[in-house]
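Asker: Numbering (our numbering), first residue to last: 47 to 281. Ideal Cβ placement from N, Cα and C applies to all residues, glycine included. Because the structure is a prediction, the values reported are computed rather than measured.
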Amino acid sequence: MWRRSNHKETNVGGKGGWRKQVEEKRDLKEILEMDASNVIGEGSHRRLSTSIKIQTQRANSASELSSFSCQFIILERLPSGVFADPFELQHLVQRGVFRDIAVFGDTNLELPSFLSNRSSVEIHLDVDQNILLDPTDIKVELPLHARYQPLNESGYSTVEFGAPDILMRCSKKENVENQSCFVKVVNDANSIGADIVWKIPSGRKAHAQLVYTVDTSTWVSVIIRRRFSGVSIRR
Numbered sequence: 047m048w049r050r051s052n053h054k055e056t057n058v059g060g061k062g063g064w065r066k067q068v069e070e071k072r073d074l075k076e077i078l079e080m081d082a083s084n085v086i087g088e089g090s091h092r093r094l095s096t097s098i099k100i101q102t103q104r105a106n107s108a109s110e111l112s113s114f115s116c117q118f119i120i121l122e123r124l125p126s127g128v129f130a131d132p133f134e135l136q137h138l139v140q141r142g143v144f145r146d147i148a149v150f151g152d153t154n155l156e157l158p159s160f161l162s163n164r165s166s167v168e169i170h171l172d173v174d175q176n177i178l179l180d181p182t183d184i185k186v187e188l189p190l191h192a193r194y195q196p197l198n199e200s201g202y203s204t205v206e207f208g209a210p211d212i213l214m215r216c217s218k219k220e221n222v223e224n225q226s227c228f229v230k231v232v233n234d235a236n237s238i239g240a241d242i243v244w245k246i247p248s249g250r251k252a253h254a255q256l257v258y259t260v261d262t263s264t265w266v267s268v269i270i271r272r273r274f275s276g277v278s279i280r281r
């Protein structure tokens with residue numbers, strides 16, 4: 047669980063005056079905090095849940111935040127043992143759950159874990175201006191699916207998730223020059239807890255050998271029966 051955050055802002059596509067204005071106000075820098083992240087659900091299909099806490103009581107003039115138009119940009123880096131289905135995610139965009147979403151890296155859904163590469167998901171989420179006026183928790187759930195895992199002695203493969211990168215992109219509503227400010231949430235390494243772990247069933251090597259032995263015995267039995275099924279004993 048993440049309790050504290052440092053923040054960095056970067057001015058893009060605009061003049062220094064806009065950056066100076068944001069630095070002097072400090073409103074956007076003081077309200078973001080990543081609260082928690084976890085894998086929820088059961089089986090091979092789960093959801094990666096991330097909670098973003100908006101602390102408007104830290105801003106000197108929270109009411110002025112209504113003059114900004116903002117959206118969250120969340121970058122999740124997925125381990126090789128899981129994948130996000132691009133078609134499923136596009137349905138969420140069509141339903142209005144996300145503003146936009148994209149999957150980068152290995153998008154082959156059929157590959158097993160040991161043949162696949164890592165991928166990442168970039169999520170864009172609109173922030174209603176009214177949300178910025180009161181302390182709020184925003185929860186983002188990303189559906190994920192487990193790949194086929196290699197056999198091992200424990201019967202499980204463990205995949206670990208790190209902390210996502212989170213940006214809040216804000217611009218003045220009346221800003222005709224399309225100037226924007228990015229506020230990045232940088233997690234404090236001292237306050238981050240254990241990595242998020244998903245234990246995926248993989249099957250045991252010992253069981254695989256047993257299945258192979260049983261299958262071989264079954265085939266031998268079938269062959270013997272077919273060969274001697276037409277043989278009759280004469281006296």
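1) Are the stretch 204-218 and the stretch 132-152 touching by the rule of at least three beta carbon pairs closer than 8 angstroms?
2) Out of Ala82, Ser159, Ile169, which has the shortest C-alpha to C-alpha gap to Val143?
3) In the DSSP assignment, find the unbroken alpha helix (DSSP H) run with Glu134 in it and report its ends.
4) Using 10 angstroms around the beta-carbon of Phe114, count the other beta-carbons present and answer buried if the total reaches 16, otherwise exposed.
5) Helix, strand or coil for Ser51? Go by DSSP, reduced to three states.
6) Compare the C-alpha of Leu161 against each of Ile246, Asp81, Tyr194, Asp211 and name the closest.
7) Using DSSP bridges, identify the partner residues of Ala82.
8) Who pairs with Arg92 in a beta bridge, going by DSSP?
9) Give the DSSP-derived three-state secondary structure of Ala235 in the structure shown.
10) Among residues of its own chain, excluding the 5 on either side of Arg164, which ones have a beta-carbon nearer than 8 angstroms to its beta-carbon?
11) What number of angstroms, rounded off, separates the C-alpha of Ile147 from the C-alpha of Phe129?
12) If you measure between the beta carbons of Ser203 and Ser248, is that distance less than 7 angstroms?
13) Quick one: Cα of Ala192 to Cα of Phe207, how far?
14) In chain order, which continuous runs of the beta strand (DSSP E) of length 3 or greater are located wholly inside the stretch 192-219?
15) Output yes or no for whether 7 angstroms exceeds the beta carbon distance between Asp172 and Ser97.
16) Can you give the beta carbon distance from Arg93 to Leu155, rounded, assuming they're within the 8 angstroms contact cut?
17) Alpha carbon to alpha carbon, how far is His91 from Phe118? Give it in angstroms, no decimals.
18) Output the distance between the C-alpha atoms of Ile100 and Gln175, rounded to the nearest integer angstrom.
Answerer: Taking the coordinates as given:
1) no
2) Ile169
3) 132-140
4) buried
5) With a pLDDT of only 36 at Ser51, under the threshold of 50, the placement of this residue in the model should not be trusted, and no figure is reported.
6) Tyr194
7) Ser97
8) Leu190
9) Per-residue confidence for Ala235 stands at a pLDDT of 47, beneath the threshold of 50, marking its modelled position as unreliable; no derived number is given.
10) Arg123, Leu124, Pro125, Ser126, Gly151, Asp152
11) 14 angstroms
12) yes
13) 13 angstroms
14) 202-207, 211-218
15) no
16) With 8 angstroms as the limit, Arg93 and Leu155 do not qualify as a contact, their Cβ atoms being about 17 angstroms apart.
17) 25 angstroms
18) 12 angstroms
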